[in-house]
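Protein chains in written order, with the numbering used here: chain Z, 1 to 330; chain W, 331 to 664.
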Amino acid sequence: MAKTKNSKTSPVAAASTLSDAQLHEMLYTMMVIRRFEEKALELYSLGKVHGTMHLSIGQEATAVGASAALTQQDYLLNTHRGHGHCLAWGSQADLMMAEFMGKETGYCRGRGGSMHIANVDANNLGANGIVAGGLPISVGVGLSIKSRNTEQVVMVVFGDGASNEGAFHESLNMASIWNLPVIFLCENNQYAMSMPVEKSMRVERISERAAAYGMYGVTVDGNDPQAVFAAVLRARQQAVAGHGPTLIECNTYRYMGHSKSDRQAYRTREEVKAWMDKDPIERLAGNLGLKESAKEALFKKAEAEIAEAVSFAEASPEPDPADIMEGVYA
Amino acid sequence: MPSANGTREITYVEAVREALTQAMQADERVFLIGEDIGVYGGAFGVSAGMHAQFGDQRVIDTPISEAAIVGACVGSALTGMRPVGEIQFMDFITLGMEQLVLQAAKVRFMFGGKASVPMVLRTPGGSGTGAAAQHSESLETWFTHVPGLKVVMPSSPYDAKGLLLAAIADENPVIFVEHKLLYKISGPVPEEPYTIPLGQPNIVRSGQHLTVVATSIMVQRAKQAAEELAKEGIELEIVDPRTLNPLDDTLMIQSVMKTGKALIVHESVKTSGYGAELAARIVESEAFDYLDAPVRRLAGLDIPIPYNRNLEYHAVPQVENIVAEARKLVRGEY
């Protein structure tokens, strides 16, 4: 884990490591996310899921590692590439799939879809279709935690593209001056749609930007769930101890295009292949010494779970147009 | 709700401050956040003295960061607080538009009704201070076009207090537009807390010859116009929507059925302005059959507010414009 130069040092010591059981659980969750998104893509191609679809295939380690470091009392705000975050946060695949199909049983009663999925009961305050949209909201959640004086934190997930929005800078500054318990987690998947990160900024690392706000910033291998876990755990301890927010940059990669309409002319097959060789699921399975057959069995289990979710979603009722006005106002 | 009769008189700015103070005393979840609202007391003095009373955890000064101010309201409202944000001049809402329009207004619906955003965003709007185009906007119509937002514009000290207390108690995001020139006007305001339900218009003055539907400072100008016209035997009925959206238009439609004529007056620019909505509501209703003159609109000219005092004066409806327009309508000169 490389600490960015010029950043404020973290007063909290490095976090503990994960047990084998925890790593196995993480591996399985990553497989569930992978199979969920592959199935969602298939359903999209069949016209059963509509609109647009932003897949995080290849980025599963960041979602799983970060969520594992937080508690059920903590809050999550995330992005339009957020299927993995939602599942890693403990949401049910069936209620998610129902939302993808626009059904009444979905987490948002078919009003939000894949891009706006939330699980408010579980303190998952929702995915955002605006790339830096969650960051100013996270400041408010942090402020609320501070006012209520609880031991919670809020983690807001965003992409490399969001770090060039004004809202990113306003939010980091505000969270820092007030020492708010916010974890700014940037998933640097190397492209903002087609814009490569090295062409969109002149600093080497997004985490360097933390220094401008007097905040601790760190870049970690986003394909290593343990590295992400350690960074988020430390950020959480720092926040709860009243030392304020942290900016964590997780370097990772999406195998699929930005969305379904993306022809990916901006990158090479070789580049994609090079990242696939660092696949987070294969890597962790290897590190855990999992045999090929055991790995396949786990994937099959995940697949069965997703198949059930699809059956539930397909059998679920459509929302009633008679209720169309519900929820605009309280 | 207590009546305004027989109570002490305070100014509009004092009424707003009293509402904020009483809301904060009654509910520790209520807090203020904005630029220069602390020791400085707010650009228009609304929160003067409140920092000393409540401290900097509840009267929170921010950097100049409108998007983050609005976002801070959204996030804290989502998680159990009742924030009251201040945007120093209505013009600056442009910098917080994404958080207001795409986040605050939509979160509840997008999440299937499972979240609430009980926040108030206060802001001074309107022209008349000689501050030119970027400190004089009347942008309320924009927000009436956004489902999920409530838009409130009090025209008197009494309404300012009652509507603000109702807005803070409301479970939805509310845009509360105060008028810079109204801050100094006085009127009777009860000392105890009271609320005026959002969405409830007010008949400010009764009359039989013409219905004038006016918002914010235009209500005060319409009242002055009505006094002049009364000398000629022309009696205006003045309807103040108070809440622009959601709007209960029943009172307005009944009034037009009574008078047979309608004049709509607002400060924001005419094209696609709020008056168009009111006019359409009148002609779409049963009042259409009662109209014996066209529905007329008096509104701001379709220009940015000019710096020159005289030009600024002519950019938005004044008392004499209302008098002239009302007279023509009543005399059937259209």
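Virtual Cβ for every residue (Gly too), placed ideally from N, Cα, C.
{"Check": "Whole-Å CB distance - residue 228 of chain Z paired with residue 66 of chain Z, under 8 Å assumed", "Outcome": "5 Å"}
{"Check": "Length of the line joining the Cα atoms of residue 224 of chain Z and residue 442 of chain W", "Outcome": "35 Å"}
{"Check": "Closest residue to residue 455 of chain W among W/626, W/393, W/505 (Cα-Cα distance)", "Outcome": "W/505"}
{"Check": "Test: residue 151 of chain Z CB closer than 7 Å to a CB of chain W", "Outcome": "no"}
{"Check": "Cα-Cα separation, residue 81 of chain Z to residue 615 of chain W", "Outcome": "46 Å"}
{"Check": "Residues bridged to residue 79 of chain Z (per DSSP)", "Outcome": "Z/128"}
{"Check": "Environment of residue 370 of chain W [buried if 16+ CB atoms lie within 10 Å]", "Outcome": "exposed"}
{"Check": "Residue 108 of chain Z at chain W interface by Cβ criterion, 7 Å", "Outcome": "yes"}
{"Check": "Cβ pair count under 8 Å reaching 3, the region 264-279 of chain Z against the region 190-204 of chain Z", "Outcome": "yes"}
{"Check": "Cutoff 7 Å: residue 139 of chain Z Cβ touching any chain W Cβ", "Outcome": "yes"}
{"Check": "C-beta neighbour in chain W for residue 191 of chain Z, strict 7 Å", "Outcome": "no"}
{"Check": "For residue 621 of chain W, three-class secondary structure by DSSP", "Outcome": "coil"}
{"Check": "Cβ of residue 599 of chain W within 7 Å of any chain Z Cβ", "Outcome": "no"}
{"Check": "Collapsed DSSP secondary structure at residue 209 of chain Z in the structure displayed", "Outcome": "helix"}
{"Check": "Helix, strand or coil at residue 11 of chain Z [DSSP, three-state]", "Outcome": "Because the pLDDT at residue 11 of chain Z is just 47, under 50, the model does not fix this residue reliably, and the value given afterwards should be weighed accordingly. DSSP places residue 11 of chain Z in coil when its eight states are reduced to three."}
{"Check": "Chain-ordered residues of the region 87-111 of chain Z with a beta carbon less than 8 Å from chain W", "Outcome": "106, 107, 108, 109, 110, 111"}
{"Check": "Distance between residue 177 of chain Z and residue 7 of chain Z (C-alpha atoms, nearest Å)", "Outcome": "With a pLDDT of only 42 at residue 7 of chain Z, under 50, the local geometry of the prediction cannot be trusted, and no value is derived from it."}
{"Check": "N-terminal and C-terminal residue of the alpha helix (DSSP H) that residue 189 of chain Z is part of", "Outcome": "Where residue 189 of chain Z is concerned, there is no enclosing alpha helix (DSSP H), given that its DSSP letter is neither H nor E."}
{"Check": "Contact with chain Z by residue 415 of chain W, beta-carbon distance below 7 Å", "Outcome": "no"}
{"Check": "CA-to-CA distance, residue 510 of chain W to residue 343 of chain W, given in whole angstroms", "Outcome": "9 Å"}
{"Check": "Supposed contact pair residue 79 of chain Z and residue 157 of chain Z - C-beta distance, whole angstroms, cut 8 Å", "Outcome": "6 Å"}
{"Check": "Coarse secondary structure for residue 196 of chain Z, derived from DSSP in three states", "Outcome": "strand"}
{"Check": "Residues of its chain near residue 639 of chain W, where Cβ-Cβ distance is below 8 Å and the 5 sequence neighbours each way are ignored", "Outcome": "460"}
{"Check": "Where the beta strand (DSSP E) through residue 153 of chain Z begins and ends", "Outcome": "From DSSP, residue 153 of chain Z is part of no beta strand (DSSP E); its letter is neither H nor E."}
{"Check": "For residue 532 of chain W: DSSP bridge partner residues", "Outcome": "W/570"}
{"Check": "CA nearest to the CA of residue 241 of chain Z, picked from Z/174, Z/144, Z/165, Z/181", "Outcome": "Z/181"}
{"Check": "Exposed unless 16 or more other CB atoms sit within 10 angstroms - verdict on residue 585 of chain W", "Outcome": "buried"}
{"Check": "Cβ pair count under 8 Å reaching 3, the region 264-271 of chain Z against the region 51-62 of chain Z", "Outcome": "no"}
{"Check": "Simplified DSSP state of residue 133 of chain Z, which is helix, strand or coil", "Outcome": "coil"}
{"Check": "Closest residue to residue 435 of chain W among W/474, W/563, W/340 (Cα-Cα distance)", "Outcome": "W/474"}
{"Check": "Contact set between residue 57 of chain Z and chain W, taken where Cβ atoms lie within less than 7 Å", "Outcome": "Correct list: empty, because the minimum Cβ distance to chain W is about 24 Å."}
{"Check": "Beta-carbon gap between residue 124 of chain Z and residue 76 of chain Z smaller than 7 Å", "Outcome": "yes"}
{"Check": "Buried versus exposed call for residue 19 of chain Z [16 or more other C-beta atoms within 10 Å across all chains shown]", "Outcome": "exposed"}
{"Check": "Residues that residue 332 of chain Z contacts on chain W, provided the C-beta gap is smaller than 7 Å", "Outcome": "Because chain Z spans 1 through 330 in this model, residue 332 of chain Z falls outside it and cannot be assessed."}
{"Check": "For residue 604 of chain W, the three-state DSSP class (helix, strand or coil)", "Outcome": "helix"}
{"Check": "Residue 151 of chain Z burial status per 10 Å Cβ neighbour count (16 or more: buried)", "Outcome": "exposed"}
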